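*Asks:* Numbering (my numbering), first residue to last: 1 to 158.
Glycine is no exception: its CB is placed at the ideal position from the N, C-alpha and C atoms.
For clarity, every value in this text was computed on a predicted model and none was experimentally measured.
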Amino acid sequence: MSNPDQHFSIEVEGTEKRCPVGETIGNRNMAEGKIPVLSCEGACIRGEIARLAANMVAKEEGYARGCHGELFSVPDSAMAQWIKKAEKVVLIDGCFLRCHGRILENLVGKEKLAQFDALRVYRKYTDVFDIDDVPEVERKEVARQIADSVLAALEEKA
Ligand code: SF4
Numbered sequence: 001m002s003n004p005d006q007h008f009s010i011e012v013e014g015t016e017k018r019c020p021v022g023e024t025i026g027n028r029n030m031a032e033g034k035i036p037v038l039s040c041e042g043a044c045i046r047g048e049i050a051r052l053a054a055n056m057v058a059k060e061e062g063y064a065r066g067c068h069g070e071l072f073s074v075p076d077s078a079m080a081q082w083i084k085k086a087e088k089v090v091l092i093d094g095c096f097l098r099c100h101g102r103i104l105e106n107l108v109g110k111e112k113l114a115q116f117d118a119l120r121v122y123r124k125y126t127d128v129f130d131i132d133d134v135p136e137v138e139r140k141e142v143a144r145q146i147a148d149s150v151l152a153a154l155e156e157k158a
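1. Assuming R65 contacts A58 (C-beta within less than 8 Å), just tell me the rounded distance between them.
2. Using the C-alpha atoms, what's the distance from E41 back to V121?
3. Measuring from each Cβ to the nearest heavy atom of the ligand SF4, keep the ones under 5 Å and list them in chain order.
4. Hey, would you say P36 sits closer than 8 Å to W82, going by beta carbons?
5. Could you name the residues of the same chain whose beta carbon sits closer than 7 Å to that of E60, not counting the 5 residues immediately before and after it, in chain order?
6. By alpha-carbon positions, which one of G47, E11, T15, K17 ends up nearest to A118?
7. What are the start and end residues of the alpha helix (DSSP H) that includes R51?
8. Please state whether DSSP places P36 in a helix, a strand or coil.
9. I10 by DSSP, collapsed to three states: which one?
10. When the distance is taken between beta carbons, is M79 closer than 8 Å to I25?
11. Let me know the secondary structure DSSP gives D93 once reduced to three states.
12. According to the Cβ coordinates, are V74 and T15 closer than 8 Å?
13. Verify whether the separation of the beta carbon atoms of E87 and S77 is less than 8 Å.
14. Give the range of the beta strand (DSSP E) segment to which Y125 is assigned.
15. Consult DSSP for A78 and reduce its assignment to one of helix, strand or coil.
16. Measure the alpha-carbon distance for D172 versus A143 and round it to whole angstroms.
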């Protein structure tokens with residue numbers, strides 16, 4: 001799958017189940033018009049920094065953390081509906097692979113997606129995979145740097 005023009009799909013088994021708190025939060029955020037903030041949620045240090053940064057951005061007024069799991073695999077859930085109907089969606093990917101950006105552009109629309117590549121900003125740990133190989137204090141410092149750069153860019157575009 002090396003051709004960027006060659007799209008592919010993943011088949012997902014349906015479910016009638018719902019996450020109770022996901023429904024509550026999704027409905028609340030939809031009613032309050034909150035802007036969803038997502039990260040790629042990758043397992044490595046790059047994904048972790050993106051995840052921490054997304055958590056920080058989501059604490060700011062007008063934003064709230066979105067769940068990618070429900071967005072992708074429970075399409076009728078309140079969480080997924082909130083994210084899909086939001087006027088703007090903020091996404092912090094961990095690196096240049098843009099694992100979520102490439103999906104979300106098709107799922108919520110490229111025009112309303114504010115996308116960020118965290119690694120492009122801090123440019124470290126490229127030979128590290130394990131989250132614990134970077135001390136927690138340092139992880140949080142880098143995540144704060146990313147969150148601040150995302151918030152500054154969002155403010156500039158507002
Ligand atoms: S964007 Fe990078 S860090 Fe995030 S899941 Fe993909 S490969 Fe991992």
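*Replies:* In this structure, then:
1. 4 Å
2. 18 Å
3. C40, G42, R46, G47, D93, G94, C95, L97, C99
4. yes
5. L151
6. G47
7. 45 to 58
8. strand
9. coil
10. yes
11. strand
12. yes
13. no
14. Element bounds for Y125: n/a, residue is neither H nor E.
15. helix
16. Given a span of 1 to 158 for the chain in the structure shown, any question on residue 172 remains unanswerable.
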